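Undergrad: In numbering that gives the first Met the number 0, the protein residues as written are 0 to 206. Note that beta-carbon positions come from the ideal geometry of N, C-alpha and C, so glycine has one too. Note that the structure is a prediction, hence the values are computed from the model and not measured. My questions all concern the structure below.
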Amino acid sequence: MIRLLLTDDHPVVRAGIRALLESEPDLEVVAEAPTAEDAVRLAAASDVDLVLMDLQFPGALQGVEATRRIRSLDGAPRVLVLTNYDTDADILGAIEAGASGYLLKDAPPAELVAAVRAAAIGESALAPGVSSRLDASLGRAERLTVREAEVLSLVAEGRSNRDIGRALFLSEATVKSHLVHIFAKLGVGSRTAAVARARELGAIRAG
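If you want it as C-alpha coordinates, here you go:
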(Lines of atoms letter the chains of each structure in order from A and count residues from 1; the text may use other names and numbers.)
(Lines give C-alpha, C1' and ligand atoms only; values in the text may rest on other atoms or scores of the structure.)
Protein backbone atom coordinates (compact mmCIF):
# COMPACT_ATOMS: atom_id res chain seq x y z
CA MET A 1 0.00 0.00 0.00
CA ILE A 2 1.31 3.46 -0.95
CA ARG A 3 0.50 5.97 1.79
CA LEU A 4 -0.08 9.52 0.56
CA LEU A 5 -0.15 13.05 1.98
CA LEU A 6 -2.14 15.55 -0.11
CA THR A 7 -1.01 19.16 0.08
CA ASP A 8 -3.20 21.82 -1.54
CA ASP A 9 -4.88 24.92 -0.14
CA HIS A 10 -8.16 24.26 -2.01
CA PRO A 11 -10.45 21.76 -0.21
CA VAL A 12 -12.36 20.93 -3.40
CA VAL A 13 -9.12 20.08 -5.21
CA ARG A 14 -8.00 17.85 -2.34
CA ALA A 15 -11.37 16.09 -2.29
CA GLY A 16 -11.22 15.40 -6.02
CA ILE A 17 -7.67 14.07 -5.92
CA ARG A 18 -8.46 11.94 -2.86
CA ALA A 19 -11.50 10.40 -4.56
CA LEU A 20 -9.48 9.59 -7.67
CA LEU A 21 -6.51 8.08 -5.85
CA GLU A 22 -8.49 6.09 -3.29
CA SER A 23 -10.38 4.36 -6.11
CA GLU A 24 -7.09 2.49 -6.65
CA PRO A 25 -6.58 -0.56 -4.41
CA ASP A 26 -2.90 0.17 -3.69
CA LEU A 27 -3.23 3.88 -2.83
CA GLU A 28 -4.31 5.36 0.49
CA VAL A 29 -4.54 9.05 1.47
CA VAL A 30 -3.56 9.12 5.14
CA ALA A 31 -3.42 12.90 5.65
CA GLU A 32 -4.21 16.25 4.04
CA ALA A 33 -2.40 19.57 4.45
CA PRO A 34 -3.89 22.94 3.47
CA THR A 35 -0.57 24.78 3.89
CA ALA A 36 3.07 24.14 3.12
CA GLU A 37 3.88 24.40 6.85
CA ASP A 38 1.34 21.67 7.59
CA ALA A 39 2.85 19.51 4.87
CA VAL A 40 6.31 19.66 6.45
CA ARG A 41 4.90 18.96 9.90
CA LEU A 42 2.74 16.03 8.77
CA ALA A 43 5.51 14.57 6.62
CA ALA A 44 7.73 14.50 9.71
CA ALA A 45 5.05 13.10 12.01
CA SER A 46 3.20 10.66 9.74
CA ASP A 47 4.22 7.42 8.09
CA VAL A 48 3.80 8.47 4.46
CA ASP A 49 5.51 7.26 1.32
CA LEU A 50 4.71 10.16 -0.97
CA VAL A 51 3.67 13.81 -0.62
CA LEU A 52 1.64 15.37 -3.42
CA MET A 53 2.73 19.00 -3.31
CA ASP A 54 1.21 22.11 -4.86
CA LEU A 55 3.58 25.06 -5.39
CA GLN A 56 1.54 28.11 -4.41
CA PHE A 57 0.13 28.69 -0.93
CA PRO A 58 -1.01 31.62 1.20
CA GLY A 59 1.71 32.65 3.61
CA ALA A 60 5.48 32.77 3.45
CA LEU A 61 6.35 29.10 2.91
CA GLN A 62 5.79 27.87 -0.64
CA GLY A 63 5.91 24.45 -2.25
CA VAL A 64 9.50 24.41 -3.43
CA GLU A 65 10.94 25.24 -0.01
CA ALA A 66 8.51 22.82 1.65
CA THR A 67 9.72 20.13 -0.74
CA ARG A 68 13.33 20.87 0.21
CA ARG A 69 12.52 20.65 3.93
CA ILE A 70 10.59 17.41 3.53
CA ARG A 71 13.36 15.78 1.51
CA SER A 72 15.88 16.72 4.24
CA LEU A 73 13.96 14.74 6.88
CA ASP A 74 15.27 11.43 8.18
CA GLY A 75 13.57 8.66 6.23
CA ALA A 76 12.05 11.35 4.01
CA PRO A 77 9.02 10.53 1.86
CA ARG A 78 9.21 11.19 -1.86
CA VAL A 79 7.54 14.31 -3.27
CA LEU A 80 5.45 14.61 -6.42
CA VAL A 81 4.62 18.17 -7.44
CA LEU A 82 1.06 18.58 -8.69
CA THR A 83 0.41 22.16 -9.78
CA ASN A 84 -0.94 24.53 -12.41
CA TYR A 85 2.44 26.18 -12.99
CA ASP A 86 4.93 25.07 -15.63
CA THR A 87 7.55 27.80 -15.94
CA ASP A 88 11.22 26.87 -16.13
CA ALA A 89 11.77 28.44 -12.71
CA ASP A 90 8.99 26.38 -11.12
CA ILE A 91 10.07 23.12 -12.74
CA LEU A 92 13.78 23.52 -12.08
CA GLY A 93 13.19 24.79 -8.56
CA ALA A 94 11.09 21.76 -7.68
CA ILE A 95 13.51 19.25 -9.19
CA GLU A 96 16.50 20.91 -7.52
CA ALA A 97 14.61 20.80 -4.21
CA GLY A 98 14.36 17.03 -4.53
CA ALA A 99 10.96 16.33 -6.11
CA SER A 100 10.78 12.95 -7.85
CA GLY A 101 8.14 14.16 -10.28
CA TYR A 102 6.26 17.13 -11.67
CA LEU A 103 2.73 16.90 -12.99
CA LEU A 104 0.15 19.47 -14.01
CA LYS A 105 -3.32 19.39 -12.49
CA ASP A 106 -4.96 18.94 -15.89
CA ALA A 107 -3.17 15.61 -16.40
CA PRO A 108 -5.42 12.65 -17.29
CA PRO A 109 -6.37 10.53 -14.25
CA ALA A 110 -4.44 7.50 -15.50
CA GLU A 111 -1.32 9.64 -15.90
CA LEU A 112 -1.64 10.95 -12.34
CA VAL A 113 -2.06 7.45 -10.90
CA ALA A 114 0.95 6.18 -12.86
CA ALA A 115 3.03 9.16 -11.72
CA VAL A 116 2.11 8.53 -8.07
CA ARG A 117 3.20 4.90 -8.30
CA ALA A 118 6.47 5.82 -10.06
CA ALA A 119 7.35 8.71 -7.73
CA ALA A 120 6.61 6.62 -4.63
CA ILE A 121 9.48 4.26 -5.50
CA GLY A 122 11.82 7.07 -6.48
CA GLU A 123 11.44 6.91 -10.24
CA SER A 124 11.26 10.10 -12.26
CA ALA A 125 7.64 11.04 -12.95
CA LEU A 126 7.60 14.05 -15.23
CA ALA A 127 4.63 14.99 -17.37
CA PRO A 128 5.58 14.65 -21.07
CA GLY A 129 5.29 18.38 -21.69
CA VAL A 130 7.29 19.15 -18.55
CA SER A 131 9.99 16.68 -19.52
CA SER A 132 10.46 18.26 -22.94
CA ARG A 133 10.51 21.74 -21.39
CA LEU A 134 13.12 20.63 -18.87
CA ASP A 135 15.31 19.08 -21.59
CA ALA A 136 15.06 22.24 -23.68
CA SER A 137 15.74 24.47 -20.71
CA LEU A 138 18.81 22.53 -19.60
CA GLY A 139 20.22 22.79 -23.10
CA ARG A 140 19.52 26.50 -23.55
CA ALA A 141 22.46 28.80 -23.02
CA GLU A 142 20.34 31.65 -21.72
CA ARG A 143 18.56 29.60 -19.06
CA LEU A 144 18.12 31.58 -15.88
CA THR A 145 19.20 30.05 -12.61
CA VAL A 146 16.55 29.59 -9.95
CA ARG A 147 17.93 32.61 -8.06
CA GLU A 148 17.92 34.75 -11.20
CA ALA A 149 14.31 33.75 -11.86
CA GLU A 150 13.42 34.70 -8.28
CA VAL A 151 15.03 38.11 -8.73
CA LEU A 152 13.28 38.71 -12.05
CA SER A 153 9.92 37.57 -10.69
CA LEU A 154 10.22 40.27 -8.02
CA VAL A 155 11.23 42.79 -10.68
CA ALA A 156 8.02 41.85 -12.48
CA GLU A 157 6.10 42.75 -9.32
CA GLY A 158 7.58 46.25 -9.47
CA ARG A 159 10.00 45.77 -6.58
CA SER A 160 13.09 47.94 -6.25
CA ASN A 161 16.57 46.46 -5.93
CA ARG A 162 16.49 47.27 -2.22
CA ASP A 163 13.14 45.49 -1.76
CA ILE A 164 14.36 42.49 -3.75
CA GLY A 165 17.48 42.30 -1.60
CA ARG A 166 15.42 42.34 1.57
CA ALA A 167 13.03 39.69 0.28
CA LEU A 168 15.83 37.33 -0.79
CA PHE A 169 18.37 38.26 1.92
CA LEU A 170 20.80 39.64 -0.65
CA SER A 171 22.79 42.86 -0.81
CA GLU A 172 21.76 45.47 -3.38
CA ALA A 173 25.09 44.89 -5.13
CA THR A 174 24.29 41.19 -5.47
CA VAL A 175 20.84 41.98 -6.87
CA LYS A 176 22.45 44.31 -9.43
CA SER A 177 24.93 41.59 -10.34
CA HIS A 178 22.10 39.12 -10.92
CA LEU A 179 20.34 41.65 -13.13
CA VAL A 180 23.48 42.16 -15.22
CA HIS A 181 23.68 38.41 -15.81
CA ILE A 182 19.94 38.23 -16.56
CA PHE A 183 20.17 41.03 -19.13
CA ALA A 184 23.13 39.32 -20.80
CA LYS A 185 21.44 35.91 -20.94
CA LEU A 186 18.20 37.30 -22.31
CA GLY A 187 19.84 39.77 -24.69
CA VAL A 188 17.99 42.79 -23.31
CA GLY A 189 18.90 46.15 -21.86
CA SER A 190 16.14 46.98 -19.41
CA ARG A 191 14.12 45.52 -16.55
CA THR A 192 10.89 45.76 -18.55
CA ALA A 193 12.40 44.00 -21.55
CA ALA A 194 13.88 41.30 -19.31
CA VAL A 195 10.49 40.56 -17.75
CA ALA A 196 8.80 40.45 -21.17
CA ARG A 197 11.49 38.17 -22.65
CA ALA A 198 11.48 35.81 -19.64
CA ARG A 199 7.70 35.49 -19.79
CA GLU A 200 7.90 34.81 -23.51
CA LEU A 201 10.41 32.01 -22.86
CA GLY A 202 8.34 30.62 -19.99
CA ALA A 203 11.17 31.29 -17.56
CA ILE A 204 8.94 33.14 -15.09
CA ARG A 205 5.20 33.15 -14.49
CA ALA A 206 3.05 35.37 -16.64
CA GLY A 207 1.64 37.03 -13.55
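Which one of E122, L200, R68 has the shortest CA to CA distance from R142?
TA: Checking every option, the nearest Cα to that of R142 belongs to L200.
Undergrad: With a cut-off of 8 Å on the beta carbons, I'd call E156 and G164 a contact; round off their distance for me.
TA: Not quite, the Cβ-Cβ distance comes to about 14 Å (not below 8 Å), so this is no contact.
Undergrad: Going by beta carbon distance, what residues of the same chain come within less than 6 Å of A43, once the five residues before and after it are set aside?
TA: Cβ within range, chain order: L72.
Undergrad: Can you find at least 3 beta carbon pairs, one from the region 118 to 132 and one from the region 96 to 108, that sit closer than 8 Å?
TA: Cβ pair count under 8 Å is three or more, so yes.
Undergrad: Pop quiz: P76 and D48 are said to be a contact at Cβ under 8 Å. What is the actual Cβ separation, rounded to whole angstroms?
TA: Sure, about 6 Å apart at Cβ, within 8 Å.
Undergrad: Rank G58, I181, I69, T86 by C-alpha distance to the C-alpha of V78 and give the top, closest one.
TA: Considering only alpha carbons, the answer is I69.
Undergrad: Quick check on the DSSP output: the alpha helix (DSSP H) that includes A109 runs from which residue to which?
TA: 108 to 119 is the extent of the alpha helix (DSSP H) around A109.
Undergrad: When we look at the beta-carbon of T191 and count the other beta-carbons within 10 Å, is it buried (16 or more) or exposed?
TA: It is exposed - the Cβ of T191 has fewer than 16 other Cβ atoms within 10 Å.
Undergrad: How is T211 classed by DSSP in three states: helix, strand or coil?
TA: No statement about residue 211 is possible, as the shown extent of the chain runs from 0 to 206 and does not include it.
Undergrad: Could you name each continuous beta strand (DSSP E) segment of 3 residues or more that falls completely within the region 29 to 104, going from the start of the chain to the end?
TA: Whole beta strand (DSSP E) segments, 3+ residues: 49 to 52, 77 to 82, 100 to 103.
Undergrad: For the region 165 to 206, list the alpha helix (DSSP H) runs that are entirely contained and at least 4 residues long, ordered along the chain.
TA: Counting whole runs of 4 or more residues, the region 165 to 206 contains the alpha helix (DSSP H) stretches 171 to 185, 190 to 200.
Undergrad: How many Å lie between A32 and D53 at the Cα?
TA: Cα-Cα distance, rounded: 10 Å.
Undergrad: Please state whether DSSP places E27 in a helix, a strand or coil.
TA: Note: E27 maps to strand in three-state DSSP.
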